[in-house]
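Engineer: Heads up: the sequence shown begins at 1 in this note's numbering, then just goes up one per residue.
Please read through the structure below; I'll follow up with questions.
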Amino acid sequence: MERKHIFSQPDLVIYHPGHYAELNQQIIQFYKQEGFSKITLSSAPNRFMSGMSEYEMFKPILVEGGIPENDIIHITQGSTIEEIVRYSFQIPLQQSIQFKNVLLVGKSFFMRRFLMLGEKYAPEGSVLDVMGLTDDRGIEKNNWADTESGKNRVIGELERISLLLKGTI
């Protein structure tokens, strides 16, 4: 999926970089060019980052890149992406933060499922868009079928989407 640009300057960015540190430079660049009010990072441990979380590992990078520390929302609940998306939508309500325009940001091959999860958990009246980032593997819509790694990632996403549609996740 590609960004539709249905709004500018999101109120909330739900950010899921996984363990790909190179995505942080892309979100920092986006912040400098377009801006956003708040961004979420998860505290779920990541086995690829020696058990550290995205929040622990990447918050300092985002702050150093110019994103204000108090604009980074720490998602402390949930360990799966489905739970993280659900709790990301609950945090602003708990903190009395108003938002309408929500941008879901993560790896490009993950955007379809990310949007489906956003639509499932977003409060009524929310406007959602996605922005796919490309990690160092370079998996994108035009080339995913060119490598075994790309095929595996996309097929894995299709399997997860199938489970989501069946209601088993």
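Glycine included, each C-beta is placed from N, C-alpha and C at the ideal position.
These figures come from a predicted structure and were not determined experimentally.
On the DSSP bridge assignment, give the partners of residue 102 in chain order.
Structural biologist: The residue you call residue 102 lines up with position 102 of the sequence shown. Residue 102 is bridged to 12 and 128.
Engineer: So, for residue 41: in the same chain, excluding its five sequence neighbours on each side, which residues have a beta-carbon less than 7 Å away from its beta-carbon?
Structural biologist: Taking the sequence shown and counting its residues from 1, the one referred to as residue 41 is at position 41. Excluding positions up to five away in sequence, the list reads 15, 54, 55, 58, 59, 72, 74 and 75.
Engineer: Can you give, in chain order, each stretch of the alpha helix (DSSP H) that sits fully within the stretch 45 to 119 and has at least 4 residues?
Structural biologist: 54 to 64 and 81 to 94
Engineer: Residues bridged to residue 42 by DSSP?
Structural biologist: Working through the sequence shown from its first residue, we reach residue 42 at position 42. For residue 42, the beta-bridge partners assigned by DSSP are 75.
Engineer: With three or more C-beta pairs closer than 8 Å as the rule, is the stretch 119 to 139 touching the stretch 4 to 12?
Structural biologist: yes
Engineer: When the Cα atoms are used, what is the spatial distance from residue 110 to residue 132?
Structural biologist: The residue you call residue 110 lines up with position 110 of the sequence shown. The residue you call residue 132 lines up with position 132 of the sequence shown. Computed Cα separation, rounded: 8 Å.
Engineer: On a Cα-Cα basis, can you pick out the residue from 61, 136 and 44 that is closest to residue 29?
Structural biologist: Taking the first residue of the sequence shown as position 1, residue 29 is located at position 29. Per the Cα distances, 61.
Engineer: Excluding sequence positions up to five away, which residues of its chain have a Cβ less than 6 Å from the Cβ of residue 91?
Structural biologist: To locate residue 91, count along the sequence shown from 1; it is residue 91. Cβ contact annotation for residue 91 (same chain, cutoff 6 Å, sequence separation greater than five): 73, in chain order.
Engineer: Out of curiosity, what's the CA-to-CA distance linking residue 70 and residue 158?
Structural biologist: In the sequence shown, counting from the first residue as 1, residue 70 sits at position 70. In the sequence shown, counting from the first residue as 1, residue 158 sits at position 158. Answer to the nearest angstrom: the Cα atoms are 36 Å apart.
Engineer: Out of 119, 97 and 140, state which residue places its alpha-carbon closest to the alpha-carbon of residue 85.
Structural biologist: Translated into the one-based positions of the sequence shown, residue 85 becomes position 85. The shortest C-alpha separation from residue 85 is found at 119.
Engineer: Closest to residue 19 by C-alpha separation, out of 26, 52, 113 and 33, would be which residue?
Structural biologist: Locating residue 19 in the sequence shown gives position 19, counting from the first residue. It is 52 whose Cα lies nearest to the Cα of residue 19.
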